[in-house]
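Worksheet for the structure shown next.
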Amino acid sequence: MDKKELLVDEWITKAGHDLGMAELAIANKPEYKDLICFHCQQSAEKYLKAYLIRLNMDFKKSHSLIYLLDLLKAQENVPDSIYGTAEILEDYGVEVRYPGNGIELDQEDIHEAYQAALRIKEFVKEKMA
Numbered sequence: 001m002d003k004k005e006l007l008v009d010e011w012i013t014k015a016g017h018d019l020g021m022a023e024l025a026i027a028n029k030p031e032y033k034d035l036i037c038f039h040c041q042q043s044a045e046k047y048l049k050a051y052l053i054r055l056n057m058d059f060k061k062s063h064s065l066i067y068l069l070d071l072l073k074a075q076e077n078v079p080d081s082i083y084g085t086a087e088i089l090e091d092y093g094v095e096v097r098y099p100g101n102g103i104e105l106d107q108e109d110i111h112e113a114y115q116a117a118l119r120i121k122e123f124v125k126e127k128m129a
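Here it is, written out as C-alpha cells:
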C-alpha cells in the first residue's frame, strides 16, 4: 500500500473511532449530548477528508463539512441531500464544545446527528468503493 492509501486508511480509522465514541456515549452517557454531536461531526469530517485525499485534492484546515463538500463537488456528484445532511452536523464541529454557545441539545438532536454521521459515512464508502 502506498503512502497516500495508508493516509486514507488512517483517516478512515480515525473517523470510525469518532463514530464509535458517539455510539459508546449514546449507550452509556446519553447526557453527554454535546460530545455525542461533536464526535458525529468529527466522524463525518474525517470520512470526507479521507475521500478528498483519495482524490488527490488539497484542503485547508477546516471543520466545515460544507467547505469539504464544495471541494468534492468540483470532481464528484454531491447530491443536495448530502449537503442537507452535512448542515445537520455543521455547528457541532466547534461551537458545541464551548459554554455560552446558545446551542440547546435534546435526544432528537443526538439521534439526528448520529444518523447524519452514518449517512456521510455511507456516502463516502460508496464513492470510494
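So the sequence shown is residues 1 to 129, counted in full-length UniProt numbering. The beta-carbon is built from N, C-alpha and C at its ideal position, and this holds for glycine as well.
Cβ pair residue i, residue j closer than 7 Å
{"i": "residue 96", "j": "residue 88", "result": "no"}
{"i": "residue 59", "j": "residue 69", "result": "no"}
{"i": "residue 37", "j": "residue 83", "result": "no"}
{"i": "residue 25", "j": "residue 43", "result": "no"}
{"i": "residue 54", "j": "residue 1", "result": "no"}
{"i": "residue 11", "j": "residue 74", "result": "no"}
{"i": "residue 33", "j": "residue 105", "result": "yes"}
Among the options, the one whose alpha carbon lies nearest that of residue i
{"i": "residue 56", "options": "79, 117, 18 and 8", "result": "8"}
{"i": "residue 85", "options": "121, 128, 75 and 11", "result": "121"}
{"i": "residue 94", "options": "75, 61, 107 and 106", "result": "61"}
{"i": "residue 116", "options": "98, 41, 63 and 107", "result": "41"}
Supposed contact pair residue j and residue i - C-beta distance, whole angstroms, cut 8 Å
{"i": "residue 124", "j": "residue 48", "result": "6 Å"}
{"i": "residue 66", "j": "residue 90", "result": "6 Å"}
7 Å Cβ shell around residue i - same chain, five flanking residues per side excluded
{"i": "residue 78", "result": "69 and 72"}
{"i": "residue 153", "result": "Here the chain has residues from 1 to 129 only, and residue 153 is not among them."}
Proximal residues to residue i (C-beta, below 6 Å), its chain only, five neighbours per side dropped
{"i": "residue 39", "result": "18, 21 and 22"}
{"i": "residue 30", "result": "none"}
Residues of its chain near residue i, where Cβ-Cβ distance is below 8 Å and the 5 sequence neighbours each way are ignored
{"i": "residue 118", "result": "19"}
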